[in-house]
Structure formats: structure tokens, C-alpha cells
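J.: Throughout the sequence shown, residue numbering follows the working numbering, covering 1103 to 1635 in sequence.
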Amino acid sequence: MKAEEINLKTTGLQILAVTAFLGLGFLLKGNVGNVNEVYALPLAKQFADPTWVPGDWYYNEPAGYRLLFVALFGHLAVAWGLLATSIIGRLIYYILISSGLVLLGRKLGISLPPLLVGIGLFLFVNHYQGMAAQEWLVGGVESKSFAYSFLLFAIYLMLGGQYRLMALMLGLSASFHVLVGGWAFLAIVGWLLWRRRKDFVDISYVGSVFLIYLVGSGFAILPVLQQLFNWTPTGTIQPSYLYVFIRAPHHLNPLSWDSDWWLLPSAYLLALAISWFLLKRQQQSEESSPEYIARKSLAEFTLITLVPFVLGLAIAPFDTQGKLLQYFFFRLGDIMLPLNSCLLLVCALEQSFSGRKRQFFSLSCILLLSIAVSILSVNFYHSLLALTQFPSKEQGVEPEWQDMCTWIKTNTPHDTLIISPPVEFVNFTWLTDRPTIAKFRLTPSVSASLAEWDERLRDLSGNINPWPSKDNKKDKRSEIRQALTAGYYSLQTPQVESLMLKYQSNYFVTRTEYQLELPIAYQNSKFIIHNSK
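#1: Taking all protein chains shown into account, do 16 or more other C-beta atoms lie within 10 angstroms of the C-beta of Trp1363, making it buried, or fewer, making it exposed?
#2: In this structure, what does DSSP give as the bridge partners for Gln1625?
#3: With respect to the alpha helix (DSSP H) encompassing Val1140, which residues constitute its N-terminal and C-terminal limits?
#4: At a cut of 8 Å, does the segment 1241-1249 reach the segment 1434-1454 through at least three beta carbon pairs?
#5: If we count the other Cβ atoms within 10 Å of its Cβ and call it buried at 16 or more, is Lys1246 buried or exposed?
#6: Do Tyr1265 and Gly1202 have their CB atoms nearer than 8 Å?
#7: If contacts are defined as beta-carbon pairs under 8 Å, then Asn1642 and Val1140 qualify, I think. What distance do you get, rounded to the angstrom?
#8: Flag this pair as touching only if the segment 1166-1177 and the segment 1210-1223 have three or more C-beta atom pairs under 8 Å; answer yes or no.
#9: What number of angstroms, rounded off, separates the C-alpha of Leu1446 from the C-alpha of Leu1415?
#10: Can you name the residues that DSSP bridges to Val1611?
#11: So what's Ile1189 in DSSP terms, helix, strand or just coil?
#12: Give me the DSSP bridge partner(s) of Ile1521.
#13: Cα separation between His1177 and Ala1146?
#14: By the three-class DSSP mapping on this structure, what secondary structure does Tyr1483 have?
#15: Pop quiz: Gly1273 and Ser1342 are said to be a contact at Cβ under 8 Å. What is the actual Cβ separation, rounded to whole angstroms?
#16: Return the CA-CA distance between Trp1182 and Ala1150, expressed in angstroms with no decimal places.
#17: Tell whether a beta-carbon distance below 8 Å holds between Leu1206 and Leu1254.
#18: Going along the chain, which residues of its own chain have a beta-carbon closer than 6 Å to the beta-carbon of Ala1269, five neighbours each way excluded?
#19: Touch check for the segment 1222-1239 and the segment 1353-1371: three-plus C-beta pairs under 8 Å?
#20: Any heavy atom of the ligand SAH closer than 7 Å to the CB of Tyr1265?
#21: Distance check for Met1260 and Ile1290, CA to CA, integer angstroms please.
#22: Short of 8 Å in beta carbon distance, which residues of its chain neighbour Trp1293, apart from the five on each side in sequence? Order them along the chain.
#23: State the CB to CB distance for the pair Gly1520 and Thr1538, rounded to an integer number of angstroms; the pair is presumed to be in contact (CB under 8 Å).
#24: Is it right to say Ser1390 is buried, meaning 16 or more other beta carbons lie within 10 angstroms of its own, or is it exposed?
#25: Please report the distance separating the alpha-carbon of Val1227 from that of Ala1375.
#26: Considering only C-alpha positions, which residue in the set Gln1384, Leu1281, Val1409 is nearest to Arg1397?
#27: With DSSP collapsed to three states, give me the class of Gly1211.
#28: Buried or exposed: which applies to Ser1200, given that a residue is buried once 16 or more other Cβ atoms fall within 10 Å of its Cβ?
#29: Output the boundary residues of the alpha helix (DSSP H) element that contains Arg1168.
#30: Look up Met1056 in the DSSP assignment and say whether it is helix, strand or coil.
#31: Using the C-alpha atoms, what's the distance from Cys1467 back to Leu1115?
#32: Might you give, ordered along the chain, the residues of its own chain that have their beta carbon closer than 7 Å to the beta carbon of Tyr1161, omitting 5 neighbours on each side?
#33: Identify whether Tyr1160 lies in helix, strand or coil by the three-state DSSP scheme.
#34: Distance, Cα to Cα, Arg1433 vs Phe1411?
#35: Run the CB neighbour count on Leu1153, radius 10 Å, all protein chains shown included, and call it buried at 16 or more, exposed below.
#36: What did DSSP end up calling Leu1618 once you bin it into helix, strand or coil?
This is how it looks when you write it as C-alpha cells:
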């Protein structure tokens, strides 16, 4: 009993150490700023309080796959505000992520200092964490954050053969984010069919595992059915094309990635191969040990997660409308290969040494961690100081913009729609508590709504066609943003009046250098708010 208590305390302390490490790096970094929190948390707030911005088209869309996330965090956002929700939400999921990583590390036989070094390699060597598709594991709080947290638990339980609990964790992962959990489900099932078929000869046991998964994934079932069977509008541009090639090519379209994108995946595959070579050489006499089996199993699972990635690469040249690519073929492998390669690499290095050499390796890890923690602590301190001015540059808010938003909040009716630029100031709604027409970054999750998103952006840019010619071999988001912004600031007075009439708005936000022949309701050194005559 004493040994179990000591083991539990050790695990708890390790989780605390990893959580502190993640917190130093990310807890106060860009809260509600240039991360997905800028729309994920307002969506949660609007879900909990539909009277907040009842006239905003984007924030009143159905919760869809985000339902569990917005239901859990919406009331917190209403009661305590977006900043507090960001910090609390991050802390909760950092604890979950840390717990999964520590349990996984213990299963692999990695001590704490090398584990932290492996996590640091994964998080800080590559800016995006993912190897090609700019996926990430640790950052702002959103539905995907918790999906990955439960996935780590599922992998740990998979390695240990605890399949019922594994199914529950996989189900919860899908409930928080259907694509993360869905691809993880397929990868784990693939590995189990390959390596553990003998564990599933009992049909009743298989049925119980699958039933537990269905219960855990209950929040994912409706979004899947809606995506598969809902009517999708037909038009000159398909919703899937807009999403894959216009809005998110950096995640979904490998033809638009940099020509050297393959270097990082190759480096991680090399690290995985070296790790496996070292581990196999060191443990030839212990091939039946639980740690060896876990390491081998994790390496195999990592390779299986690359199957959708490779399949996506094969599909890309032929899927010219994004009908298949919209399902994020690259997401899971983009995270699993870098993460597991780093973990297995430090594991292999630690196992390669014994006696004094292992002590020296541990001391080297501690030295590296000391340097990293010192740098992270300085950055954390500066981020803490910046939060005293929240919202500030960390959130992309300049003083003049803040002043104008404050004026809107205090001097316009609560249900007034304000026309604002289609690209700039994604934070407009949560700063003003007022609805706006559309933003390029705020893409609806429902396919049927993408046609209206397209129409609204065209309206805001003077009915120009902001989308470049259908050349899918380049990421043209920068050109699109420039075209939308230039179109908005080129609107003439009659066009603005037509916009006001169509969207029943009395206010139009512009910069001082683009004045119109309309009354001025507010002006500072950078911004003007025109109102209707």
C-alpha cells in the first residue's frame, strides 16, 4: 500500500512539473489574441447567453461539433469574461495533457528530466509543433485541445490493454472534436487489428468496447450525420473548395505548402528510426518486458497515423474541389509523428546509458531544462505585465481601436449591427458587444453557410471577386486578404448606403484616410465611424 501511495505521489508531482513547464510557455501567451480563442470563446459565450450579440450572423450559427466545448465553457465566459476563461481553460487542459504525457512517459520508462526535454523538443524546436500542416497540441483553449488531451489517455490505455477505458477516452475525444477523435479511432482500430486481434475474439467483449465508444462519442454523432446528409448549396464555388483552397490551405492543401515541407517529416522519421534502432539494440534480451512492448507499440501506432497523411498526399492532385481534403487527412499524423518521435528519442538515449553515464545524461537534461525554464520565465513575466493592459498588442488591439470600440459599446443601441472591415479586427464583436457582417477568418463550420459567408465578403469588398483563379498550387490567403481589404476601403458612398440598407445598419467603420460623404458619428486619429443620413 505504501509503495502505491509513493507511486501516486510521484506521478502527481511529475504531472505538476509538466503542467508548470507548459504553463510557463503558453498559459499567458496571446490569450484571446491571434489564436483560435478569438472566436472559440465568443462562440461559447454566445451559446450560453444568446442575448449577448443576437444579431451576429457568425456567432449565432449552430454549435455543431463544438457543442460539448461551448456548453462547458460558455457560462464561465459569461460570468468571468473571456480572459479568465482563456486562462482557466488552458490550465485545465494543460493538466490533462500533462497527465497523458506523464502516464505515457512512465509506460515507456522515461524519467522526468528526459521526458521534459522530449516535450520541449516537440514544442519549441518547430514553431507550429506539427510537421507540415501547422497542427498544434499545446496553445489556446478550444474544442480540439480537449480532444487531444483525451487521445493521449486513450493511447496510454491502448498500450496497457485497457480497452474499455480506452474506448471511453476515444469517444470523449470525438465528442470534443469529431475529426481528431475520428481519425484517432481509425488509427487505433488499425493498430489493434494488426497487433492485438487475439484480444478481441470474444464478440460480447468487442460489443461492450464499441458500445462504450458510442456512448463516449455521443456529442459527435449529430454533427457527423448533419455533414453527411444535409443539403449543400450548388453554385459556381463549392463550399468545400472555399474551405480547403481559400480559407485553410495551410492545413488542408499540400499542393500549396512550401516546396521543402517534406524536410521536417523526413527528419522526424529519421529520429523515429534511430530511436527504434537504439532501443532494439539495447533490449534484445528483454523483448518481452512491458516497457519494450510499449515502445515498440507506440512506434508502430505512430506509423499507422501516417496512413491518412500519405493518403491525403495521394488524393490532393485529383481532389480539385476539396470534397475529401476537407476532412483533415493530415491532422493526426502531423502531431503524432513529431510528438512520439521526440518521446521515443529521449527514451532511446536514456536507455543507451547506464550507471554514471546515465547520471550524466540526466544532469545534461536538467541543465538544458534550466536554460529553457529561465528563458520561458522571462517571457512569462513580460506576458503577465502585458495582461495588466488587457486587451493590448498581445490581442492585436491598438489604443485608437480600443477607444473606438469603447465608444461603440457605450453610444450605440445593443442590437445595432456595425459594418466593419472583412479582414482586420477579428476581435471586433467581443470588444464592442455588437454584431458585424462577416470576417474572412471567421469561417462557419456548416457547409451550407459557406455560400453566405462568400456572399457577405463579396458585399463588403464592393462585389469584386476576391478569390484568385483556381490555381491550387499556391497559398493565396495573403492576396485574398489584400483584395478584400482594398475593396472595402474603396467603397464609394452609394455602395456603403446600399450595404447599410441591405444589412439594416446605421454605422460604417473606416480609417481616417478613407472618408465618405456621410455624417461622422465618431472620429479619432486613425478611425472614423460614419452613420447613415
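Ideal placement from N, C-alpha and C gives every residue a C-beta, glycine not left out.
Quick caveat, the model's predicted, so the values are computed rather than measured.
T.: Concretely, from the data shown:
#1: What you label residue 1363 is simply residue 261 of the sequence shown in a count that begins at 1. The residue in question, Trp1363, is exposed, as its Cβ has fewer than 16 Cβ neighbours within 10 Å.
#2: Counting from one through the sequence shown, the residue named residue 1625 turns up at place 523. According to DSSP, which records beta bridges pairwise, Gln1625 is partnered with Ile1630.
#3: Your numbering for residue 1140 matches position 38 in the sequence shown. Run containing Val1140: 1139-1150, per the alpha helix (DSSP H) assignment.
#4: no
#5: For this step, residue 1246 is matched to residue 144 along the sequence shown. Buried.
#6: The residue labelled residue 1265 in the question sits at position 163 within the sequence shown. The residue labelled residue 1202 in the question sits at position 100 within the sequence shown. No.
#7: Coverage of the chain is limited to positions 1103 through 1635, which leaves residue 1642 absent and any answer about it impossible.
#8: no
#9: For this step, residue 1446 is matched to residue 344 along the sequence shown. For this step, residue 1415 is matched to residue 313 along the sequence shown. About 26 Å.
#10: Numbered from 1 along the sequence shown, position 509 holds the residue referred to as residue 1611. According to DSSP, which records beta bridges pairwise, Val1611 is partnered with Ile1631.
#11: On the sequence shown, residue 1189 is found 87 positions in, with the first residue counted as 1. DSSP places Ile1189 in helix when its eight states are reduced to three.
#12: Within the sequence shown, residue 1521 is the residue found at index 419, counting from 1. Partner(s): Phe1610.
#13: The residue you call residue 1177 lines up with position 75 of the sequence shown. The residue you call residue 1146 lines up with position 44 of the sequence shown. Approximately 8 Å between the Cα atoms of the pair.
#14: Stepping through the sequence shown from its first residue, residue 1483 is reached at position 381. Note: Tyr1483 maps to helix in three-state DSSP.
#15: Looking up residue 1273 in the sequence shown gives position 171. Looking up residue 1342 in the sequence shown gives position 240. Contact doesn't hold; Cβ gap of about 27 Å is too wide.
#16: Looking up residue 1182 in the sequence shown gives position 80. Looking up residue 1150 in the sequence shown gives position 48. Answer to the nearest angstrom: the Cα atoms are 13 Å apart.
#17: Taking the sequence shown and counting its residues from 1, one reaches residue 1206 at position 104. Taking the sequence shown and counting its residues from 1, one reaches residue 1254 at position 152. Going by C-beta atoms, Leu1206 is nearer than 8 Å to Leu1254.
#18: Taking the first residue of the sequence shown as 1, we reach residue 1269 at position 167. Answer for Ala1269: Val1311, Ile1314, Tyr1315, listed in chain order.
#19: yes
#20: Absence of the ligand SAH is noted for the structure shown, with no ligands found whatsoever.
#21: Counted from its first residue, the sequence shown places residue 1290 at position 188. Counted from its first residue, the sequence shown places residue 1260 at position 158. So the two alpha carbons sit approximately 8 Å from each other.
#22: Position 191 of the sequence shown holds residue 1293. Excluding residues within five positions, the ones whose Cβ falls inside 8 Å are Met1260, Ser1399, Glu1402, Phe1403, Ile1406.
#23: Sequence index remark: in the sequence shown, residue 1520 carries index 418 (1-based). Sequence index remark: in the sequence shown, residue 1538 carries index 436 (1-based). Residue 1520 is actually Ile in this sequence, not Gly. Between Thr1538 and Ile1520 the Cβ distance is about 6 Å, and since that is below 8 Å, they are a contact.
#24: Translated into the one-based positions of the sequence shown, residue 1390 becomes position 288. Result: exposed.
#25: One-based indexing of the sequence shown puts residue 1227 at position 125. One-based indexing of the sequence shown puts residue 1375 at position 273. Going by the C-alpha atoms only, they are around 19 Å apart.
#26: For the purposes of this step, residue 1397 is taken as residue 295 along the sequence shown, with counting starting at 1. Ranking the options by Cα distance to Arg1397, first place goes to Gln1384.
#27: In the sequence shown, counting from the first residue as 1, residue 1211 sits at position 109. Gly1211: coil per DSSP, three-state reduction.
#28: Taking the sequence shown and counting its residues from 1, one reaches residue 1200 at position 98. Result: buried.
#29: Position 66 of the sequence shown, counted from the start, is the residue given in the question as residue 1168. Per DSSP, Arg1168 belongs to no alpha helix (DSSP H) and is neither H nor E.
#30: Residue coverage of the chain in this structure runs from 1103 to 1635, which leaves residue 1056 outside it and unanswerable.
#31: Counting from one through the sequence shown, the residue named residue 1115 turns up at place 13. Counting from one through the sequence shown, the residue named residue 1467 turns up at place 365. The alpha-carbon atoms of Leu1115 and Cys1467 are separated by roughly 18 Å.
#32: Counted from its first residue, the sequence shown places residue 1161 at position 59. The residues are Pro1144, Leu1145, Gln1148, Val1155, Thr1531.
#33: Stepping through the sequence shown from its first residue, residue 1160 is reached at position 58. DSSP places Tyr1160 in coil when its eight states are reduced to three.
#34: Indexing the sequence shown from 1 puts residue 1433 at position 331. Indexing the sequence shown from 1 puts residue 1411 at position 309. Rounded to the nearest angstrom, the two C-alpha atoms are 8 Å apart.
#35: Taking the sequence shown and counting its residues from 1, one reaches residue 1153 at position 51. Rather than Leu, the amino acid found at residue 1153 in this sequence is Thr. Exposed.
#36: Stepping through the sequence shown from its first residue, residue 1618 is reached at position 516. Leu1618 falls in the coil class under three-state DSSP.
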